[in-house]
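Participant: Per the working numbering, residue 35 is the first one in the sequence shown, and the count goes up by one each step.
Heads up, the beta-carbon is just placed ideally off N, CA and C, and yes, glycines get one too.
Before anything else, here's the structure in question.
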Amino acid sequence: GRVAMMAALGAVVQHFVKFPGFQDVPSGLGAVSAPPGSYGFIALFGIAGALELAIWTESDDKAPGDFGDPLGLNQYNEDTRNRELNNGRFAMFAAIGIIAAELLTGKDAVEQLGF
């Protein structure tokens, strides 16, 4: 769910924001196959894998995906967890919809809206 939330947000933001050195990389799925976007994808994939294996490990005494309240805001309760799960489920549909529409039309997430 959290990955889908970031994917849906990133699909929209990458249309407007380009990091230095990545101005010529196309928006959308084309960024993965066009250098230097492909290098950035490989780096992100490696960093995410290292974080998953070393830092963001799950504990046997917690439910899968339960990393507690990392900021110590005392807001991680049953209601908040259910909201996060529902938002994650909706984001999965949003991300797959953005990907499917781009594969069908060749337009990125923002271009789908006519901008």
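#1: Would you report the Cα separation of residue 123 and residue 113, rounded to the nearest angstrom?
#2: Going along the chain, which residues of its own chain have a beta-carbon closer than 6 Å to the beta-carbon of residue 143, five neighbours each way excluded?
#3: What's the call for residue 82, buried or exposed, on a 16-neighbour Cβ count within 10 Å?
#4: Pop quiz: residue 163 and residue 129 are said to be a contact at Cβ under 8 Å. What is the actual Cβ separation, rounded to whole angstroms?
#5: So does residue 76 have its beta carbon nearer than 6 Å to some heavy atom of the ligand NAD?
#6: Locate the alpha helix (DSSP H) running through residue 87, then write down its first and last residues.
#7: With a threshold of 16 other CB atoms inside 10 Å of the CB of residue 88, please say whether the residue is buried or exposed.
#8: Quick one: what's got a C-beta closer than 7 Å to residue 60's C-beta in the same chain, skipping five residues either side?
#9: Under 7 Å between the Cβ atoms of residue 136 and residue 80?
#10: My assumption, with CB atoms under 8 Å, is that residue 35 sits in contact with residue 119. Please give the rounded CB distance.
Facilitator: According to the structure shown:
#1: Cα to Cα, the separation comes out at about 15 Å.
#2: 45, 46 and 132
#3: exposed
#4: In the structure displayed, the chain extends from 35 to 149; residue 163 sits before or after that span and is not available.
#5: The ligand content of the structure shown is nil, which means the ligand NAD is not present either.
#6: Taken as a continuous stretch (DSSP letters only), the alpha helix (DSSP H) holding residue 87 covers 71-88.
#7: exposed
#8: 68
#9: Contact: no.
#10: 6 Å
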